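Asker: Those protein sequences? They're chains A and B, same order as listed.
full-length UniProt numbering puts the first sequence at residues 1 to 222.
full-length UniProt numbering puts the second sequence at residues 1 to 222.
All C-beta atoms in this analysis are idealised placements derived from N, C-alpha and C, irrespective of residue type, glycine included.
Note that the structure is predicted; figures quoted are calculated from it, not measured.
Number of protein chains: 2
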Amino acid sequence: MPNQTFFNLPDKKRQLITELAIAEFASYDYDTASISNVVKQAKIAKGSFYQYFEDKKDLYLYLVNLAHQQKIDFLQQARPPKPEIGFFAYLRWLFRESAQFDLSHPALSQIINRAVYGNVPFRDEVLKQIQSASLLYVYRLVEQGVSQGDIDSGIDPDLATFVINTLADGLRYFIPQRLGLNPEQLTSEGAPEIDMQAVEQIFDELIYVLEHGMGSSSITKG
Amino acid sequence: MPNQTFFNLPDKKRQLITELAIAEFASYDYDTASISNVVKQAKIAKGSFYQYFEDKKDLYLYLVNLAHQQKIDFLQQARPPKPEIGFFAYLRWLFRESAQFDLSHPALSQIINRAVYGNVPFRDEVLKQIQSASLLYVYRLVEQGVSQGDIDSGIDPDLATFVINTLADGLRYFIPQRLGLNPEQLTSEGAPEIDMQAVEQIFDELIYVLEHGMGSSSITKG
DNA sequence: CAGTCACGTGACCGATAAGTCACATTATAG
DNA sequence: CTATAATGTGACTTATCGGTCACGTGACTG
Chain A
1 MPNQTFFNLP DKKRQLITEL AIAEFASYDY DTASISNVVK QAKIAKGSFY
51 QYFEDKKDLY LYLVNLAHQQ KIDFLQQARP PKPEIGFFAY LRWLFRESAQ
101 FDLSHPALSQ IINRAVYGNV PFRDEVLKQI QSASLLYVYR LVEQGVSQGD
151 IDSGIDPDLA TFVINTLADG LRYFIPQRLG LNPEQLTSEG APEIDMQAVE
201 QIFDELIYVL EHGMGSSSIT KG
Chain B
1 MPNQTFFNLP DKKRQLITEL AIAEFASYDY DTASISNVVK QAKIAKGSFY
51 QYFEDKKDLY LYLVNLAHQQ KIDFLQQARP PKPEIGFFAY LRWLFRESAQ
101 FDLSHPALSQ IINRAVYGNV PFRDEVLKQI QSASLLYVYR LVEQGVSQGD
151 IDSGIDPDLA TFVINTLADG LRYFIPQRLG LNPEQLTSEG APEIDMQAVE
201 QIFDELIYVL EHGMGSSSIT KG
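1) Just curious, the alpha helix (DSSP H) that B/Pro157 is in, first and last residue?
2) Any C-beta of chain B sitting closer than 8 Å to the C-beta of A/Leu66?
3) Can a CB atom of chain B be found closer than 8 Å to the CB of residue 225 of chain A?
4) When DSSP labels each residue in this structure, what does B/Ile151 get in the three-state scheme?
5) Quick check on the DSSP output: the alpha helix (DSSP H) that includes B/Lys40 runs from which residue to which?
6) Which complete beta strand (DSSP E) runs does the UniProt domain "HTH tetR-type" (11 to 71) of chain A hold, if anything under 3 residues is left out?
7) What does B/Ala160 reach in chain A if we use C-beta pairs closer than 7 Å?
8) Measure from the C-beta of A/Thr32 to each C-beta in chain B and report whether the shortest distance is under 8 Å.
9) Which term fits B/Gly149, buried or exposed, when burial requires 16 or more other beta carbons within 10 angstroms of its beta carbon?
10) Which same chain residues end up closer than 8 Å to A/Ser48 when comparing Cβ atoms and leaving out the 5 residues on each side of it in sequence?
11) Please identify, using Cβ separations under 8 Å, the residues of the stretch 119 to 139 of chain B that lie next to chain A, in order along the chain.
12) Output the distance between the C-alpha atoms of A/Ile112 and A/Trp93, rounded to the nearest integer angstrom.
13) Assuming B/Tyr139 contacts B/Pro157 (C-beta within less than 8 Å), just tell me the rounded distance between them.
14) Who are A/Gly215's beta bridge partners in DSSP?
15) Could one say the Cβ of A/Asp156 lies closer than 8 Å to chain B's Cβ atoms, at least one of them?
16) Just how far apart, CA to CA, sit A/Tyr60 and B/Tyr52?
17) Grab me the residues of B/Asn165's own chain with a C-beta within less than 6 Å of its C-beta, minus the 5 sequence neighbours each way, in chain order.
18) Using only alpha-carbon positions, find the residue among A/Asp29, A/Gly213, A/Gln77 and A/Gly86 that is nearest to A/Phe101.
19) Would DSSP call A/Tyr193 helix, strand or coil?
20) Starting from B/Ile130, trace the alpha helix (DSSP H) in both directions and tell me its first and last residue.
21) With three or more beta-carbon pairs closer than 8 Å as the criterion, would you say the stretch 77 to 88 of chain B touches the stretch 191 to 208 of chain A?
22) Which same chain residues, not among the five before or five after B/Thr220, have their C-beta less than 8 Å away from its C-beta?
23) For A/Asn119, which of helix, strand or coil comes out of DSSP?
24) Does the beta carbon of A/Ile151 sit closer than 8 Å to a beta carbon anywhere in chain B?
25) So is B/Met214 buried or exposed if we call it buried at 16+ other beta carbons inside 10 Å?
26) Less than 8 Å between the beta carbons of B/Leu210 and B/Phe25, yes or no?
27) Identify the contact partners of B/Ile111 in chain A, using a Cβ-Cβ distance below 8 Å as the criterion.
28) With a threshold of 8 Å between beta-carbons, can B/Asp204 be considered close to chain A, or not?
29) Could you check where the alpha helix (DSSP H) with B/Glu97 kicks off and where it finishes?
30) Residue range of the alpha helix (DSSP H) that A/Asn8 falls in?
31) For a test of the three-state rule: what should DSSP assign to B/Ala198, helix, strand or coil?
32) For A/Ala23, collect the residues of the same chain with a Cβ closer than 7 Å to its Cβ; drop the 5 residues on either side in sequence, then sort them by chain order.
33) Quick one, which of B/Val199, B/Phe74, B/Ser153 and B/Gln110 has its alpha-carbon nearest B/Ile175's?
34) List the whole-angstrom C-beta distance separating A/Pro10 from A/Tyr62, where the pair is believed to meet the contact cut-off of C-beta under 8 Å.
35) Check the C-beta distance from B/Ser27 over to A/Asn119 and give it rounded, since I have them as a contact under 8 Å.
Spelled out as structure tokens, the structure:
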């Protein structure tokens, strides 16, 4: 954790440092991200930085936890629907809100993702704090979906969790591509008018595929 | 491309350098991967290396193309079945062979993946050579599946391609996790006895989900 | 006013990186 | 054997990194 000195800083300065550091660790992996670059951009002395943070790892873990907490706050602020609406309807909500976060906070999203899937030092340290929470959350959801009769009981819950998590994460790449935006455009401030209707349609289609599959052998088409 | 000097090298030496470089670029991203480390392990002088390769980028692009070519060779050597067996059966074959490659050549697989999805320099340069080939291949497959009547014509082909590609790639993480192996065990030589039956079952389940979905509302359960 | 203490500063350190170059070694050829 | 070309070598340069430290500054205290 950062020193108290860091939190004593004027809000503007503290936020500037935080934002620049987030941008740095979102753009580069742990080893390549440069403290020197951050302090240069933030126009503070290197020595000052090391009065705020113990070392590079201290900053990194702080940012990962910050990003994770922001995502949790984001999801909870958009109040979840009741489970009774059914598994796939609930999942659709989760997809939309999760993707909404990824689109509106691409840097935070990138940091979380790199921390969980990347070849990062301290990955295990971070993994227990982060990934298991998300995986477990979806896993519980799947279990509930099975017991509610929404999910085919022949489906292995681990596999279902994998499919859902993987696709939810993949949307981070698919949606911008589909909308003809390059991901870097999203990193900068001022999102360039996202066609939310097109995004909603992606969710509809994806949920349909998850529920009914892509095969044409089913009863009737969507 | 490397200089002719590199290809004039005795096979053993050239292969040693190649393998060590592959291991380096599979373990670390472009910036962190160290030429100094490679030449030290290969026991050649730094100057020699720079007689083989123009610079770091030259080596990197060579490795990416090598890895990609090896994967193509691998897939073509395992002769593809005829399309008439149906889209999902064909897809199952593709999943198995692709995962087989990833499991037996984790370093090559890692390099390809990093080159395509990572925040790498020269990504665009490489992307056109690599990713589009794979995406297009699956896209064509989907088109064929639709025209054959195997795929619900209401499904958007782009979305289907995304789902398939994303899940196929995700298997790289899911399979070892499911088998209780850590991915680094696979990097070293001598794969520690993979339970192929369990792997086959994963493919079966995944293909089932892709074809019929996870919902229980379908006709009968698998 | 002097003293103290939190904070700011940037030159500096050791390590390591990519890339160079003058020179040594080896292979080939006349 | 000698001359020429190809290849091998590692100390060196320039740059950047994470991190340190002796010192400067400015606000509060008695």
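Answerer: According to the structure shown:
1) Pro157 to Arg178
2) no
3) The structure shown does not extend to residue 225 of chain A, since chain A spans only 1 to 222, so no value can be given for it.
4) strand
5) Ile35 to Ala42
6) none
7) Met214
8) yes
9) exposed
10) Val39
11) Asn119
12) 20 Å
13) 6 Å
14) B/Ile151
15) yes
16) 38 Å
17) Val138
18) A/Gln77
19) The sequence given here places Glu at residue 193 of chain A; Tyr does not occur at that position. Coil, per DSSP.
20) No alpha helix (DSSP H) contains B/Ile130, which DSSP labels as neither H nor E.
21) no
22) Note that B/Thr220 has pLDDT 47, beneath the 50 cutoff, so the model's placement of it is unreliable and the number below is only indicative. Answer for B/Thr220: no residue qualifies.
23) coil
24) yes
25) buried
26) no
27) Per Cβ cutoff of 8 Å: no residues; B/Ile111 is ~12 Å from chain A at best.
28) no
29) Phe87 to Ser104
30) Gln4 to Asn8
31) helix
32) Ala107
33) B/Val199
34) A/Pro10 to A/Tyr62, Cβ: 18 Å. No contact.
35) 7 Å
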